[in-house]
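Number of protein chains: 2
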Amino acid sequence: MSKRSATPRNARRPSVKDVAERAQVSLGTVSNVLNRPDRVSAGTRERVERAMTELGFVLNETARQLRMGRSNTFAYVMLDATNPFFTDVARGIELAAEKADLSLFLCNSDGRDARERAHLEHLQQQRVDGILITPVDPESAELERITLQGTPVVIVDRATTSGSFCSVTVDDRLGGRMAIEHLVDRGHTRVAYVGGPVSIGQVRERYEGACDAWRDAGHRDTDLIHVQTEALSVEEGRVAGERLAGLPKRARPTAVFCANDLVALGLLQQVISTGQRVPQDLAIVGYDDIAFAAGAAVPLTSVRQPRQALGRTAADLLIDEVNNPDHEHQQVEFTPELIARVSTLG
Amino acid sequence: MSKRSATPRNARRPSVKDVAERAQVSLGTVSNVLNRPDRVSAGTRERVERAMTELGFVLNETARQLRMGRSNTFAYVMLDATNPFFTDVARGIELAAEKADLSLFLCNSDGRDARERAHLEHLQQQRVDGILITPVDPESAELERITLQGTPVVIVDRATTSGSFCSVTVDDRLGGRMAIEHLVDRGHTRVAYVGGPVSIGQVRERYEGACDAWRDAGHRDTDLIHVQTEALSVEEGRVAGERLAGLPKRARPTAVFCANDLVALGLLQQVISTGQRVPQDLAIVGYDDIAFAAGAAVPLTSVRQPRQALGRTAADLLIDEVNNPDHEHQQVEFTPELIARVSTLG
DNA sequence: ATCCCGTTCTGAAACCTTTCAATGCAAGGA
DNA sequence: TCCTTGCATTGAAAGGTTTCAGAACGGGAT
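Order-wise, the sequence lines are chains H and G.
Residues 1 to 346 (this note's numbering) make up the first sequence, in order.
Residues 347 to 692 (this note's numbering) make up the second sequence, in order.
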C-alpha cells in the first residue's frame, strides 16, 4: 500500500462561457462549433477548438439534456448479471445501441424487487430515452406507470398481458415440450422437472410445455415429478440433486429437465460427486445453452435460445418506439432449438 | 406478433412549478418537501405530496444534478461483461454502492479501446461522481486526463505506475508462481503457459511469476513453452489446444497453465474431444476460479481471486476519494489462493 | 400595545446548455 | 452611391432544480 495525493476537486470545471471568453466569441458561437460546425467560419472554429483543449473543456451533458429534453441513452435492467444468458442478451442490446449511436447503461436488479424499483426510479429521473428490462415481475404496475409517464419500456425475455409495451420472448412452452419429447424419445418413463420459484413466468411456462409433452406421450400429469427450487442458480441445482438422491430408489427419476443451465450444472456436479453416471444413471436436460453447457463435466443437452438476437431485436423495437411517431407495440416471439449432447445421449 | 398503440410522447412532464401551482405554494416549498420535509408544516406537506401524485410528478434528476454539481452515481466500465470474473467483481461494487446509497451504471468496453473511450467520454459528460474501470490499457493517457479534469478514477484488477489513482489488484506474479509450483510439485517437467496477448498486464505478470517458479525449480526459462492466444476466451482456448496437439509427441507438454479459466475451459474441451485424458495425459491449471471451473468436464484446478472483495474494496476507495477531503491514493493488493482439483490431481 | 423570536413560506438567482430572432458585415448588382 | 443578399455572429430566453436572504405570521413576554 502506497499513498499519493488526491485528485483536484476544487476547481470549477470550465463551461462554454469560459471557452467563449477565451476564444473571444459569444456563447452561441461555441455552441455552434459543438453542434453545427459548418455554420462557423474556419478561423473562429479553430480558435474555439483551441480554447477548448487549452481549458480542458468537457461538455456538461446534464445541462444539454435539460435543454434538449432527451439523452440519447438507453438502459437495460438485467435480472441477473452473473447469469451468462443475460450477459449475452446484454451484448446483443449493446451492439444494436452502438450502431444507433446510443449510450447504454446496464443495471442489475439481482432478482430483487426493491433493487429493481430503485433502478427504475433512478433511470426515470435521469430521463433516459427508453428502458429495456427483464423484470422480476412482468405484471408489476410499476412498469405500466413508467410508460404512462412517458418513458418507453421494452420487456425482454418475459411475456406480459399488458398492451403498453413491446416485448421479445422465446416460446418457453415449446422449449419445455421439446425437452420432454427428447427424453421420452430416449425411452425415459420416470422424469422430473427441476425449477422454481413458480412465480417466475419461465419456470411455469417450461413446466406447462413439459406437461403437454408428457401427456401427449400417454402419461399422467401427476407422474411428472416437480422438484421446486428457491432460485435458478448453480447452488440450488446442487440442493435439488440432494433432494433427488433422498428419494427411495424406485421413485427416483431416470431423467431430469432443469429450468435453466445453472440449475442443470449444479445438479450435474452433485450427481457426479456421488458417483452416479450421466446419462446412464440420470439423464439431464438444461435450458439456455450457455457457453459453459458444452464444456460441463458431461456436455449438457440444452434448449438453446437466440440470446443475442433477443437483445438486438428488443433494442431495435425500442429505437423504433423512440423515433417513429406511429410506432405500434409488437410482441415478437422466437423459437428455441434443442441441442442434444452427451448428458442425454450417453 | 400483435400490435397496439404507442406510449404517450406528447405531454410535457410536470415540473416542480406545476406541482407548486397545483398545491398553491411556491417553488421553494415544493423543493423543501422534497429535500427537507421537516421544515414544512404537516398541512402543506400533505397538500404538496397529493399534488405530486395527482400530476404523476417525476423529479428531473438532470436538472438537480446541474444545480447541485453532483450525481450520486458511480459507473463501472467492465472489460468483458461475459466473463464471470468481471460480473462477480461488478457484484461486489454493486453491493458497496447500494450500501452507500449510490446508483451504479455498468458499461462494457468489450476489450475494445474505442468502445472504452466512448464510454469514458460519455460518463465524464454525464458528470458521474466517480469511475471504476478495468481498462484495456492501464497506462493510457486518457485515464490520467479524466482525473485531472476532476472525475476520480479507481483502477480495478490492473496495476498502474501512475500515482493519479487508487487501484485494487491481486498479486498476479504470485498467482503465476503458485500455479507452476503446484505443477512442479506434481512432478511435471514439460510445462506450457497458454495466454495472450502480452499487451494485457495480467498475461505478462502471471507469466513472469510462472518463470520465477520454473527457474527456482532448476529449469531453464526457455524450457517453459509459451503458447500465445489472441484473447482470453473459451474459443481461443480451443485453438490453443489444437496448437498443442500439433506439436511432435516428445515436445508436447504434460501440463498447462492457462492465463484464465475461460482459456482453460476451452483447452479442456478440445483436449477431451480428442480422446486424451486429463490429468493423465495433460494436467491443466486455470486462473480466477470462476463458478464454472468446479463444474467443468474435469473439475479445474485454478488460482482463485477474491472477486467480490476486489469490487467492494475498489468501491470503498472511490467513496472515500469522493467524500473525504484528505483522501490519499492507495494501491491495495490481494493475495490469490490455489484451489487444487481433479485436473491436476488425477 | 409593543417588541422579539421562531416558524413557515416566498421568489429571484444560479447551474450550463441550446435555440432563434436579430444584428453586423462584405460582396455583388443596379 | 445605395440596395440586396447571404453568411457569420450575437445575446437573451428557456429548460427544471436548489439555495438563500428575506417576508409574513403568530405568539409570548414585557
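Backbone N, C-alpha and C fix where the C-beta goes; we use that ideal spot for every residue, glycine too.
For residue i, would you say it is in contact with chain H, using Cβ-to-Cβ distances shorter than 7 Å as the test?
| i | result |
| --- | --- |
| Ser449/G | yes |
| Leu691/G | no |
| Val423/G | no |
| Ala427/G | yes |
| Gln471/G | yes |
| Glu440/G | yes |
| Arg359/G | yes |
| Thr681/G | no |
| Thr507/G | no |
| Thr433/G | yes |
Between the alpha carbons of residue i and residue j, how many angstroms are there, rounded?
| i | j | result |
| --- | --- | --- |
| Val322/H | Leu104/H | 15 Å |
| Asn406/G | Thr506/G | 38 Å |
| Asp662/G | Ile501/G | 12 Å |
| Val379/G | Glu392/G | 9 Å |
| Val332/H | Gln202/H | 16 Å |
| Ala75/H | Gly130/H | 7 Å |
| Gln676/G | Gly509/G | 9 Å |
| Ile319/H | Leu310/H | 14 Å |
| Glu236/H | Val544/G | 39 Å |
| Val530/G | Ile636/G | 24 Å |
| Thr147/H | Ala118/H | 16 Å |
| Glu328/H | Cys166/H | 8 Å |
| Arg158/H | Pro138/H | 7 Å |
| Cys557/G | Leu684/G | 17 Å |
| Arg437/G | Asp288/H | 22 Å |
| Ala213/H | Val609/G | 39 Å |
| Leu614/G | Gln280/H | 23 Å |
| Leu628/G | Thr535/G | 12 Å |
Since residue i sits in a beta bridge, which residues does DSSP pair it with?
| i | result |
| --- | --- |
| Thr301/H | Val285/H |
| Gly130/H | Phe74/H |
| Glu333/H | Thr169/H |
| Cys258/H | Val194/H |
| Val154/H | Leu132/H and Cys166/H |
| Leu684/G | Val649/G |
| His572/G | Tyr539/G |
| Cys453/G | Val423/G |
| Ala642/G | Ala296/H |
Please check if any C-beta of chain G sits within less than 7 Å of the C-beta of residue i.
| i | result |
| --- | --- |
| Asn72/H | no |
| Leu143/H | no |
| His366/H | Here chain H has residues from 1 to 346 only, and residue 366/H is not among them. |
| Glu269/H | A small fix is needed here, since residue 269/H is Gln in this sequence, not Glu. Answer yes: the Cβ-Cβ gap between Gln269/H and chain G drops below 7 Å somewhere. |
| His122/H | yes |
| Leu174/H | no |
| Ile265/H | The residue you asked about is not Ile; residue 265/H is Leu in the sequence shown. Output row for Leu265/H: interface = yes. |
Does the distance from the CB of residue i to the CB of residue j come in under 7 Å?
| i | j | result |
| --- | --- | --- |
| Thr62/H | Gln411/G | yes |
| Gly286/H | Ala293/H | yes |
| Val573/G | Ala538/G | yes |
| Thr647/G | Thr681/G | no |
| Val617/G | Val644/G | no |
| Asp88/H | Arg307/H | yes |
| Val423/G | Cys453/G | yes |
| Ser417/G | Val362/G | no |
| Gly246/H | Arg206/H | no |
| Arg584/G | Gly612/G | yes |
| Met524/G | Val649/G | yes |
| Gly196/H | Thr169/H | no |
| Leu232/H | Ala255/H | no |
For the ligand PLP, any of its heavy atoms closer than 6 Å to the Cβ of residue i?
| i | result |
| --- | --- |
| Ala90/H | Only the bare structure without any ligand can be found here, which leaves the ligand PLP out of the picture. |
### Task
Note down, in chain order, all residues in the region 278-292 of chain H with a beta-carbon under 7 Å from any beta-carbon belonging to chain G.
Ala291 and Phe292
### Message
Output needed in chain order: residues of the region 106-117 of chain H with a Cβ under 9 Å from some Cβ in chain G.
### Response
Leu106, Cys107, Asn108, Asp110 and Arg115
### Task
Quick one: which residues of the region 400-413 of chain G get their C-beta closer than 7 Å to a C-beta of chain H? List them in chain order.
Cβ contacts with chain H: Gly402, Val404, Leu405, Asn406, Glu407, Thr408, Ala409, Gln411 and Leu412.
### Query
Looking at chain G, which residues of the region 292-312 of chain H have a Cβ within less than 9 Å of any of its Cβ atoms?
Cβ contacts with chain G: Phe292, Ala294, Gly295, Ala296, Ala297, Val298 and Pro299.
### Task
Could you run through the region 369-399 of chain G and flag, in chain order, every residue whose CB is less than 9 Å away from some CB of chain H?
none
### Message
Can you pull out the residues from the region 522-541 of chain G whose beta carbon lies closer than 8 Å to at least one beta carbon of chain H?
### Response
none
### Task
Below 8 Å between beta carbons is the criterion; list the residues of the region 575-601 of chain G that meet it against any residue of chain H, in chain order.
Residues of the region 575-601 of chain G with a C-beta atom less than 8 Å from some C-beta of chain H are Val580, listed in chain order.
### Chain-ordered residues of the region 493-505 of chain G with a beta carbon less than 9 Å from chain H
Thr493, Leu494, Gln495, Gly496, Thr497, Pro498 and Val499
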